[in-house]
Each structure stands twice: as C-alpha cells, then as structure tokens.
Amino acid sequence: MSSIDITPPRAAVREKTVSARIWQLALSSVEFRIGLVVFTVLLLATLFYPWLSGIDPLKMAIREKLLPPLFLGEGWSWAHPLGTDQLGRDMLARALVGLRYSLLIGISTTVLMVLIGAMVGLFAGYYGGRVDTVLMRLTDAQLSIPMIILAITILGVSRPTIPAIIVVLGLAGWPVYARVMRSTVMAERKKEYVRGAMVLGATDLRIMFSLILPLVLPPMCFVAVLDIARMMIFESVLGFLGLGVQPPTPTFGNIIADGRKYLMNAWWIATMPGVFLVLTLTSINLMGAALERARNAIYGGA
Amino acid sequence: MSLDMVRNEVLLSVRDLSVAAEEGGGALRPILDRISFDLAPRQILSVIGESGSGKTVLARTIANWLSAPLRVTGGEVLFRGRDLLADPIHARSLAGREIAYVGGNPAGALDPTMTVGAQLVEKLRAVRPEITPAEAKDKAIRLLSAVRIPAAARRFHEYPFQYSGGMMQRAMIVDALISDPALLIADNITQPLDVTVAAQILKLMRELNAEFSTAILFICSSLPVACDASDEVMVLHQGRVVERQAPAALVTRPEHGYTRALIAELPTLWQGGPEGRDERQRRDQRAIMSVNGVSKAYETRGKSGKALVQAVRDVTFDVFPGDNFGIVGESGCGKSSLMRLLTGLERPDGGTILFEGENVGAASPARLRELRRKFQLVLQDPYGSLPPQSAIGAILEEPLKIHRIGTPAERRERARAVMSEVGLPADIYESLPTGLSAGQRQRLNVARAMILEPRLLIMDETLSALDQTEQGKLLDLFERLQAQHGFTYIFISHDMTMVRQVCSRIAVMYLGETVEVAPNERLFFEPGHPYTRALLSAAPTLEPRRYRPEDCLLDGEPPSPIDLPPGCAFASRCPSVTARCRAENPALRTRGGQALAACFLVPDPSVTFDEPMEKSDV
Amino acid sequence: MPILRFLVRRLFQGAIIVFLVSALIFTLLRIVPGDPVRLMAGGMAPEALIEQIATEMGLRDPIYEQFGRYVGGVLQGDLGQSFVRPANGAAVGGASFDDSTRSERAKVLDLIAQTAPKTIQLALLAMVFALIIAVPIGVWGGLNPGRLPDRLALYLSSLLVSLPNFWLGIVLALLLSVKLNLLPAIGYKGFAYTILPAFVLALEIAPFIIRNLSVSVAGVMGQNFIDIARVRGLTRNQIVFRHAMKNSAVPLLNLLGVQFSMLLGGVLVIEFIFDYPGLGLLTINAVMQRDFPLIQGIAVVTAAAFVLINIVVDLLATTIDPRLDY
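Residue numbers (the UniProt record's numbering), protein chains in the order written: chain A, 1 to 302; chain B, 1 to 618; chain C, 1 to 326.
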C-alpha cells in the first residue's frame with residue numbers, strides 16, 4: 001500500500017455519476033470558460049448576424065470590391081468590418097455563413113464516427129478472440145490509409161455534396177474511436193461487476209448495452225469534442241482543395257482558396273477568414289482539452 | 001559508562017513530533033500528536049496501529065518524505081543527535097545512504113524499463129559516488145545472494161517484472177541495505193505478500209539485522225506479525241503512542257485499553273481445541289456440488305512464444321447440503337480460476353462439475369442461465385463488483401428482471417425485503433452505491449445474490465477487504481441466513497483464521513491442485529500435507545505456535561505454473577522432501593475420517609491404521 | 001528467435017492489411033461515378049471510342065477480375081501504368097484521344113520512386129522541428145501539472161492544433177517569403193525549399209506531441225517508483241532524465257505510429273500549397289486527373305509504409321520497455 005493511511009474526513013455522500021463529475025470539473029477550469037464564452041458569441045453571431053444585418057454573403061457589389069478590414073489600409077468602412085473580396089462581397093457575412101457549414105459538418109461527422117467506432121470497439125472488446133481479430137484488422141487497414149487520401153479520392157472522383165462529405169469523413173475517422181473503445185471495454189469487461197452480471201444470468205447483449213456502454217460512451221464523447229475541431233479543419237481543407245461544399249456557398253476553405261489569388265494586393269481575403277476559423281477552433285479545442293483533462297483526472301485519480 | 005556513550009547508544013530520537021494535514025481554509029487536522037521514542041542501533045522496533053493511526057506518516061516523516069497536505073507542526077527528529085527537520089539538506093543527504101526505506105509495494109518500486117541490477121548500481125553510486133561501477137555490481141550480486149535470490153548473477157540482469165512479489169521485496173531490501181545504512185524503515189513490507197512468503201521475508205529480515213547491524217523501524221498493521229518480527233513493539237492509536245513493550249510482555253500484560261481490545265479481537269486458530277466446530281454435516285445426503293478431476297489451462301503468449309498456464313489441475317471434492325466448505329490457498333494457487341469453473345463462467349478442459357447431479361461444465365448457455373438461479377456468487381472486491389451507475393434498488397431488481405420474475409411491484413417488494421434481511425436501511429433504495437462503506441457494499445452483494453433464492457452461495461474472498469469487526473458482523477449474517485434459508489456456502493479465501501472460524505470442511509490448494517481436503521479440526525490439529533503445515537506455521541496469530549516456520553518451510557520459490565516440475569509441486573519448499581517427491585506427483589489419498597491428502601508421507605490406510613506421526617506435532 | 005517470429009507474424013498481418021486497403025480503394029474507385037477514360041480521351045472523343053479504349057484496358061471486366069489482374073501485377077512488383085502521365089516528364093492531361101499507345105505511359109512505381117525521397121526529406125525534417133518545439137514544452141508541462149508551465153502547454157497546444165495547415169502555410173509564406181524574403185517557398189530548387197513547408201508541418205504535429213508528453217510525463221512522475229526514487233537517494237536529474245523521460249517515450253512512440261496517417265495528410269496539403277514536388281502533390285494531381293492506377297499505387301505504398309513504421313515503432317517500444325510483448 002503506497003497511499004498514506006489517513007482516512008479523509010467523511011465527505012457528504014457523493015452521489016454523482018462519473019460524467020457529471022467530469023462536467024463539473026471541466027466547467028470549473030478557466031480554459032473551459034474562456035472557450036465557452038468565445039464559442040457562444042461566435043455561435044450566436046453565426047446564427048443571427050447574417051439575418052440581423054441583412055447582408056447577403058452572396059451579394060456582389062463591384063464598386064465596394066477589395067475593401068480592407070477596419071483600421072487596416074485605406075478605404076475601410078464600418079459596413080464591412082472584415083472588408084470585402086474581389087467581388088465586393090462582405091467578408092464577415094461570408095465567414096459567418098461558412099462557419100455554419102463548418103460546424104454542421106464538423107458535428108455530424110464526429111457523431112457519425114463516434115457511433116461507428118463505439119459499435120466496432122464494443123463488439124471487438126467484449127467478445128475478443130476471433131471477432132476482435134477480424135474487426136481490428138479492418139480497423140488497422142482503415143487506419144493505414146491516410147484519411148485525407150481516402151476522402152479526396154472519393155470526393156474527387158464523385159461529386160462533393162454535404163451528406164457525401166459527412167459520410168466520407170465519418171467513415172474515414174472511426175478507427176481511432178474503435179481502438180479506444182475496444183481497450184476501455186476490454187478493461188471494463190474484466191471488472192467484477194460484469195462477472196457479477198454474468199453469474200446472475202444476464203445475456204451478453206444486455207451486459208454490453210445496458211451495463212458497459214452507458215458507462216464508457218459519455219467519457220469518450222467528451223474527448224470527441226476535440227475531433228469536432230479536427231473535422232472542421234478537414235472540411236476546410238477539402239474546401240481549399242475544391243472538394244468541399246461547392247461555390248457559391250461560402251466555406252472557409254473556398255474563401256481562402258479564392259483569396260490566395262489576391263494575396264499580393266488584398267491579403268485579408270485569405271487571412272481574415274482564417275483568423276476567424278482559428279478563433280472558433282481554439283475555443284472548441286480549449287473546451288475539448290478541459291474536458292479531456294477532467295476525464296483523465298477522474299479516471300486517473302479520485 | 002560516560003554520558004557520551006549513553007548518547008551514542010541512541011541512533012534515532014524522536015521528540016514531541018506532531019504532524020498535521022492541512023485542510024481547506026487553513027484548518028489543520030492532527031495526524032501525529034507529540035510522538036516521542038528512541039531507537040538504539042541494531043534494535044528492531046515495531047510500530048503497529050490500525051489504518052488511520054498515523055504509522056505510515058511517522059515512517060515518511062523520518063524518511064524525509066512528507067508531501068502536501070501533510071506538514072510537521074512541531075517536535076524534532078534527531079538522527080545521531082542532529083535534527084533532520086531543522087536541516088533539510090542534511091536530511092536529503094542521508095536519504096538512501098544512512099536512512100533507507102522499504103515500502104509495501106515492491107511491484108511498483110523500481111523503474112520497469114531498467115534491469116534490477118542496473119538500478120541497484122545506480123542507487124549505490126548516487127549515494128556513494130566513490131564506489132566504482134564494478135564494485136557496485138559485485139556488491140549488488142553479493143547481497144542478492146545474501147537475501148537468497150537464486151542465481152543472483154543472472155537475476156542481476158533481469159527486469160523487475162521478471163521477479164515474483166516475494167523476490168522483488170527481497171531485491172528492495174537489498175536496495176535499502178546496499179549503502180550500509182544505520183537505519184532501515186520497513187513500512188508494511190509484508191502486507192501484499194502471501195503468508196508463507198511473508199514468513200520467509202521476516203525470517204530474512206531478522207538474519208540481516210544480525211549480520212549488517214542495521215536498526216529497523218518496522219511499521220505494520222498486524223499485531224502477530226509485529227510480535228514475531230521485533231525486539232519491542234510500540235502501539236500507535238489516533239496519532240499517539242499508547243504503549244511500548246517487549247512482545248511477550250505486551251501480549252500477556254497489555255497496559256492500554258486499545259491494546260487489550262486489539263488482542264481480544266484477534267481470531268484464534270487453535271483455541272477451543274480440536275473438538276466441536278463441525279456440527280452441521282449431514283453426510284448421508286447426496287452432494288449438492290461434486291467436483292471430479294477438474295482441470296483448466298490458459299494459453300499465454302510470452303516472449304518465448306505460446307505457453308500453457310496450468311491454473312487448475314485435477315481438483316476433486318464434494319460439497320454437501322448445509323456445508324460451509326472452504327477453499328484456501330495463496331495467490332496463484334488457482335482458486336480464482338476454480339471459482340470461474342464452479343460458477344460456469346468458464347468451462348473446464350477436463351473433469352466434471354456436478355450441481356445437483358447436472359454437469360455445469362457441459363450445460364448449454366440457456367440451461368446454464370436457468371441453473372444460475374440456484375447457485376450464486378458473491379465477489380471479492382466491494383468496489384468493483386457493483387455497477388457504478390445504477391441505483392441500489394435497480395441493482396437488486398436486475399437479477400429478477402434478467403430471469404423475468406414477477407411484476408415491477410413484486411420485484412420492488414422483494415428487493416426491499418432482502419435489503420432489510422441483510423441489514424441495509426430502506427431509505428437508500430434510490431441512492432447510488434457510491435456512498436456505501438465496504439461492509440455495506442458486501443451486504444448489498446449478498447442481497448443481490450440471494451434475491452434469486454439460490455441453494456448454493458459461492459463467496460470469493462468476500463470478507464477479505466473488510467476489517468475484523470465488520471467481518472464478524474457479516475459472518476453472523478451468513479449464519480443467520482443459512483439457518484433461515486438453508487444455504488450451502490463455499491468460501492474461497494486466503495485467510496486461515498477466517499476459514500477456521502466458519503468452515504466445516506476445507507480444501508487446501510497449491511499450484512492448481514487440491515493437496516488436502518479435511519474436516520476443520522482435523523486440518524488444523526493434524527494436517528496431512530506439509531504445505532498445510534507451512535500455511536499454519538505462517539498464519540499470523542499470537543497463540544503458541546503448533547508449527548514453527550523454521551521447521552515447516554524452506555527458502556525456495558514456488559515453481560512457475562507454466563513450467564511445472566514432474567513431481568510434487570511443493571517439493572521445492574518442502575522440508576520432508578524425498579527423491580520420490582521430485583519424480584512422481586502424489587495423488588489424493590484417504591487418511592480415514594473423511595480426510596484426504598496428496599503426499600507420499602501419508603500412510604496408506606489399507607496397510608496401517610496408525611495415526612500418522614508428525615515430528616512437529618509433539 | 002522470438003524476434004524473427006514477431007517479424008514474420010507482423011509482416012504477414014501487414015500483408016493482409018495492405019491487401020484489404022488495395023481491395024477497398026480498388027472497389028471504391030470503380031463504384032463511384034466518374035469515368036477516367038472520358039478524361040483520358042478528352043471531351044471530344046466519340047462514345048464508341050471511349051468504350052473501345054475502356055474495353056481494351058479491361059475497365060469493363062467484372063471488378064474482381066480487374067482486381068485479380070491488379071494483385072497479380074503487384075505481387076510481381078508492377079503497380080501498373082499511369083492513365084495520363086507519359087513516361088518522359090510532366091503530365092499532359094487528356095489532350096489527344098488518338099494517342100492511345102499506352103506503352104509510353106509512365107510506370108506508377110517510377111512516379112512514386114521519383115517523388116517519395118522528397119516527401120521523406122520533408123517529413124523527417126518536420127519531425128525534427130516538431131520534436132525540438134514540443135519535447136521541452138511537453139516535458140516541462142508534465143513536470144508541473146496544474147501549474148503555469150502546464151497551463152502554457154495546454155494553451156499553446158490548443159492554439160497550434162487550431163491552425164489550419166493550408167492557412168498557416170499561406171500566411172507564413174506571405175510573411176517570411178514574400179515580405180521578409182527570408183526563405184524560399186514555392187517549388188523546389190534545393191534543400192532550403194524544404195524548410196518552410198517542414199516548419200508548417202511541424203507546427204501541425206507539435207500540439208499532439210506536447211499533449212501526449214505532458215500527460216505521460218505527469219503520469220510517470222506520479223508513479224510509485226519515481227516517488228520512492230527520491231527516498232532511495234537518487235537526484236532529481238537522474239529521476240527526470242533517466243527514468244521519467246524513458247518511461248514517457250513509449251506512449252510518444254505509439255502516438256507517432258498511429259498518427260503516421262495524419263502526418264501524410266498534412267504532407268499532402270502542404271505540398272499542394274508550396275507546390276513541393278513530392279508524393280502529396282502527386283496524389284492530388286492523380287485524384288484530379290482520375291488517374292486510378294496511380295491512386296491505387298499510392299494507397300498501397302502508403303499502407304505498406306504505415307505497416308512498416310508501426311513494426312519499427314513496436315520494436316523500439318519493446319527495446320525501451322521490456323515488459324511489452326512482441
């Protein structure tokens with residue numbers, strides 16, 4: 001026994017589930033709060049700004065083309081805080097609409113890959129043996145093709161639509177979750193309460209879905225927050241390569257790809273949406289990192 | 001004798017030492033309260049106390065190893081006259097050199113990625129840089145052989161994970177002694193070890209104390225172990241020293257009420273004599289569970305390819321209705337594997353397990369599920385055995401739901417009934433088990449097992465996580481339930497004293513085999529197998545020993561279950577070993593009076609009816 | 001020899017993985033819409049001619065037959081020929097449909113062999129940069145869990161992981177190359193052209209290393225043997241540099257093995273932005289041109305590389321931590 005044998009003062013009976021404790025711990029951290037505030041502001045902006053300001057992100061106004069952002073360069077205007085592009089479209093409105101698609105794709109993709117990964121990992125980890133070998137070989141095979149090669153191959157050869165992008169990214173991203181899920185389920189399966197349920201006569205499916213899954217899925221979902229950000233980056237990469245959501249719908253990727261042509265005389269077209277994207281992703285990543293740490297803290301110690 | 005010489009006679013002198021834990025808001029909770037004692041060179045002083053008494057904090061304070069929230073609030077620790085608390089740099093320079101520390105967790109005490117030898121050398125050279133690597137290596141190997149690690153020169157190059165628990169603890173003792181310290185702090189060093197291994201370590205420690213003239217502060221929580229190990233015993237209670245005496249005096253004339261209670265609470269092995277603990281047997285009945293020639297091997301993949309671990313080998317015994325059947329053995333003896341076979345969690349490779357005449361090992365999964373209503377398992381770990389996120393009521397109703405018994409209202413009714421039967425308050429029905437104590441959790445486990453009204457309950461180390469008082473209460477509960485419901489129990493345990501208290505018949509397992517099966521009193525007063533004698537000799541008790549470890553146990557290591565010798569598995573540690581034992585494995589044979597043992601020394605009852613002669617039995 | 005048995009087993013498993021990958025990609029390419037022959041022959045080509053070319057190339061045979069032929073070729077070391085690229089130099093695209101003498105088309109294996117060294121150079125340099133950036137920050141953070149260095153590591157890694165590589169590439173190229181004229185950026189005319197892309201790539205990998213290291217160092221520092229090492233008399237430097245770092249290396253190695261595909265994904269985008277003539281650019285062009293044999297070839301080669309790298313990672317891990325099984 002390595003711990004010092006002092007009994008802690010009898011705390012009030014803690015009757016919180018693990019997930020509730022993780023939430024609580026994460027919420028109490030500074031980084032989570034910073035991320036949450038920034039993210040909420042951006043979310044509200046993306047939901048309401050284009051509508052409230054009445055600016056159409058697709059409306060061209062050649063007379064107002066290539067206006068720089070506030071306070072930078074000559075000819076800036078309050079009407080276009082982030083400036084305009086080569087066709088006079090408002091950059092802020094475009095970036096916010098881009099953010100909508102980015103979030104939509106990021107979140108649905110992550111949900112999809114967590115679901116697939118969790119199922120594969122659950123069965124592989126619970127049954128072990130041959131089931132495990134087959135499922136894990138498949139996972140390894142999937143893991144060994146760089147996700148982006150797979151995605152651009154499929155999207156490049158077929159036509160990229162939003163559902164297609166979600167399915168492709170989701171199908172390409174599940175293996176990591178399958179691995180994590182498998183190892184947690186394997187650890188969980190060895191625990192005595194599972195053995196206890198077996199001795200009581202519970203069937204395998206009952207143990208898997210009513211006992212193990214509710215226990216291990218929520219902590220994995222917390223970590224998946226980080227992947228929402230990763231998937232948003234992927235979405236923008238696809239857009240940049242011309243394989244994402246197709247113009248004229250603005251996305252971060254295609255805005256930046258467009259702006260690259262005007263880099264020398266209108267640097268903001270390519271960089272400003274990027275700053276915006278970085279801000280969003282950082283807020284999500286801060287929340288995700290706080291959740292991940294909270295999860296590690298609760299699983300590691302306590 | 002001059003004054004100076006008297007001063008020199010004290011190596012360590014602790015004066016009015018107080019340590020407290022800082023809690024939120026700057027409050028201090030005292031852990032140690034004005035502790036004072038002296039330790040002479042070459043003396044062995046035991047410090048005992050229950051968990052929470054502050055003994056580990058004391059050990060760590062002296063070893064210069066206190067960390068937040070603990071801090072010293074007063075007093076001094078004088079080592080050779082210099083206060084360690086006032087001079088942290090001096091204390092730091094003594095750590096590992098003059099003051100050595102061995103902890104209770106040998107498994108995690110060394111870096112797993114470096115060889116044991118390299119780490120011994122590293123440590124010696126860190127505290128005594130003047131020693132060359134070659135000298136350090138020689139010394140390490142010499143000491144490794146001194147603590148009886150076989151083939152020390154080869155073991156020097158092995159990694160920590162290749163050492164068994166007992167060997168690792170010996171290596172840690174080498175690590176402590178390699179710098180020739182004046183003081184060794186041994187903090188719970190035998191706690192994680194099996195009793196026979198712990199007995200070997202204690203014996204070794206006394207020998208080393210004589211050889212290396214190191215003073216030893218021996219921290220432990222078991223009074224019998226402390227008395228066995230030391231010159232003097234100091235009792236710690238709620239952070240204070242309540243008394244200090246030589247072991248014999250302490251046991252016969254305890255001064256403090258706490259010590260008296262401690263002694264009175266200890267269960268006994270031989271008190272009450274060889275009669276009268278075995279009333280419940282009704283041998284005319286048919287066995288409720290009959291185990292015949294059961295074996296099970298597991299495949300492991302090691303560095304050298306696949307290997308078979310022979311976890312259970314040819315186990316045979318019968319359990320009769322109303323029996324309290326005990327299965328005892330140390331870690332690795334196969335009792336957990338046997339439990340998995342008995343409960344149908346795994347199927348045996350060979351042999352049969354009949355439950356009321358039906359073969360559990362060959363039943364279809366559906367049939368097995370039905371059979372499970374009639375035999376249930378109560379698990380060892382009170383914390384891991386309950387689903388962490390279900391309410392207590394739901395946990396209890398789950399088995400009824402699984403077997404589709406009753407309406408929701410009936411299940412609820414039934415759950416409340418068993419809760420009151422095992423002594424759980426009704427108002428925790430909706431709560432999560434997180435707030436329950438270990439004892440309450442085990443009650444819940446028992447309630448969950450008996451809600452299906454089984455005939456047979458298998459208790460897998462159910463009591464080993466509980467303290468003495470709580471164990472007693474649960475044993476009473478078991479007895480009451482047995483009287484009311486007619487349960488039959490199988491107790492799987494490593495604890496000889498517990499088995500002595502409750503079991504009517506006992507099987508002793510060693511390396512996967514049942515080496516002896518005998519009624520309670522026969523096993524304790526007239527064991528038929530040398531391993532049983534070794535177990536009894538090592539069991540912690542204050543009673544005059546019927547068997548002494550020196551006579552009953554050799555220094556060897558138990559063989560690996562992967563690489564079993566052809567003969568008797570106990571041959572490597574058996575004092576009565578013969579050439580035949582190494583070549584041929586003895587089978588269980590009857591000794592009369594329903595006792596069986598697997599040893600060549602047991603006379604064949606068909607030839608002679610004399611009681612076997614035991615040299616240690618005089 | 002256990003190590004030989006390990007190698008044989010892992011190589012066998014690896015072969016299965018590569019086989020699965022090629023089957024997957026092969027099938028995908030043939031069931032998704034988009035006819036490569038149309039692209040090869042050019043928009044002007046009459047339907048009948050396209051059918052004729054496709055049949056000649058075997059593209060109208062059942063998929064399993066095509067796949068069988070392909071696997072047969074791969075086993076003999078022949079990854080096939082590019083649909084569009086001529087053997088001598090740059091891609092011509094699908095200009096002339098009458099030029100169907102496919103013997104002049106470039107071999108896939110040659111194309112990969114020409115570009116791979118550049119990519120390996122880029123990836124190795126990026127890895128060196130990433131380790132130089134991430135190891136000190138990660139270890140420092142791990143040694144002080146919950147305190148300032150740890151916070152800094154967390155904020156820094158959250159920020160770095162939020163930088164889209166293509167955007168960062170553009171911004172850094174604009175700053176360092178165009179405005180300050182410090183480093184060359186576009187194309188490849190010597191080693192200097194590798195530095196900026198490698199740096200961008202390193203910033204993409206670094207946050208993962210920081211996070212992994214700070215978690216594992218903190219974990220190791222909390223372990224019993226580290227705690228006890230102080231009482232045993234070891235110095236802080238011995239504890240940190242000899243024991244803590246060594247024990248944290250295994251999780252890091254595993255991360256690098258698993259994240260290999262992420263590295264390659266980054267390489268692809270970076271090469272595209274900087275017009276760096278490596279495997280990544282080759283892949284993107286192959287996809288744009290629907291050059292099926294080339295896409296397949298790249299997938300097979302990267303899968304094989306993944307397998308080999310993971311074998312090496314596991315071998316290294318077992319040398320560091322002897323408890324790990326082969």
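Note that CB positions come from ideal geometry on N, CA and C, so glycine has one too.
Query: Three-state secondary structure (DSSP) of B/His-342; Result: Inspection of the sequence shows that residue 342 of chain B is occupied by Leu rather than by His. DSSP places B/Leu-342 in helix when its eight states are reduced to three.
Query: Any C-beta of chain E under 9 Å from that of B/Gly-165; Result: The question asks about chain E, but that chain is absent: this structure's protein chains are A, B and C.
Query: Simplified DSSP assignment, three categories, for B/Ala-598; Result: coil
Query: Identified DSSP bridge partners for B/Leu-28; Result: B/Glu-22
Query: Limits of the beta strand (DSSP E) - the one that B/Phe-320 falls within; Result: Element bounds for B/Phe-320: n/a, residue is neither H nor E.
Query: C-beta contact flag for B/Val-174 and B/Leu-250 at 9 Å; Result: no
Query: Exposed unless 16 or more other CB atoms sit within 10 angstroms - verdict on A/Trp-51; Result: exposed
Query: Neighbour-count burial assignment, B/Glu-398, 16 or more Cβ in a 10 Å radius; Result: buried
Query: Straight-line gap, B/Val-602 to B/Glu-135 (C-alpha atoms, nearest Å); Result: 51 Å
Query: Beta carbon proximity, B/Gly-334 to chain C, threshold 9 Å; Result: no
Query: Backbone CA spacing between C/Val-21 and B/Gln-389 [nearest angstrom]; Result: 41 Å
Query: For B/Ile-89, three-class secondary structure by DSSP; Result: helix
Query: 9 Å Cβ cutoff met for C/Ser-216 and C/Ser-261; Result: no
Query: Among B/Ile-62, B/Leu-564, B/Gln-191, nearest to B/Ala-307 - alpha-carbon criterion; Result: B/Leu-564
Query: Check whether C/Gly-146 and C/Ala-153 have beta carbons under 9 Å apart; Result: no
Query: Below-9 Å beta-carbon distance, A/Leu-226 vs any chain C residue; Result: yes
Query: Opposing strand residues paired with B/Pro-519 [DSSP bridges]; Result: B/Arg-505
Query: B/Ala-246, DSSP secondary structure in three states; Result: coil
Query: Rounded separation between C/Ser-100 and C/Pro-117 - CA only; Result: Low confidence applies to C/Ser-100: its pLDDT is 48, below 50, so where it sits in the model is not reliable, and the reading given next is rough at best. Answer to the nearest angstrom: the Cα atoms are 31 Å apart.
Query: For A/Gly-288, three-class secondary structure by DSSP; Result: helix
Query: Contact list for C/Pro-251 against chain B, beta-carbon separation under 9 Å; Result: Result: empty, since nearest Cβ-Cβ is about 13 Å, beyond 9 Å.
Query: C-alpha distance - C/Pro-164 paired with C/Phe-199, whole-angstrom precision; Result: 14 Å
Query: CB contact below 9 Å: A/Ile-298 versus chain B; Result: no
Query: Alpha-carbon to alpha-carbon, C/Gly-219 and C/Leu-11; Result: 33 Å
Query: Chain A contact for C/Gln-81 (CB, 9 Å cutoff); Result: no
Query: Where the alpha helix (DSSP H) containing C/Leu-109 begins and where it ends; Result: 108 to 143
Query: Beta-carbon proximity list for C/Trp-140, same chain, < 6 Å, skipping 5 on both sides; Result: Pro-149
Query: Below-9 Å beta-carbon distance, B/Thr-56 vs any chain C residue; Result: no
Query: Neighbour-count burial assignment, B/Asp-111, 16 or more Cβ in a 10 Å radius; Result: buried
Query: Run of the beta strand (DSSP E) containing B/Val-378, from where it starts to where it stops; Result: 375 to 378
Query: Anticipated Cβ contact below 8 Å, B/Leu-377 with B/Ala-182, distance rounded; Result: Actually they do not touch by this definition, with Cβ atoms about 51 Å apart.
Query: Bridge-paired residues (DSSP) for B/Leu-184; Result: B/Ala-100, B/Ile-216
Query: C/Gln-289: first and last residue of the uninterrupted beta strand (DSSP E) it sits in; Result: Run containing C/Gln-289: none; DSSP gives neither H nor E here.
Query: Within chain B, the residues that C/Gly-233 reaches when beta carbons sit closer than 8 Å; Result: Ala-95, Gly-96, Arg-97, Lys-123, Ala-126, Val-127, Ser-179
Query: Limits of the beta strand (DSSP E) - the one that residue 619 of chain B falls within; Result: Any property of residue 619 of chain B remains undetermined from this structure, which presents chain B solely from 1 to 618.
Query: Whether A/Glu-31 touches B/Leu-379 by CB criterion (9 Å); Result: no
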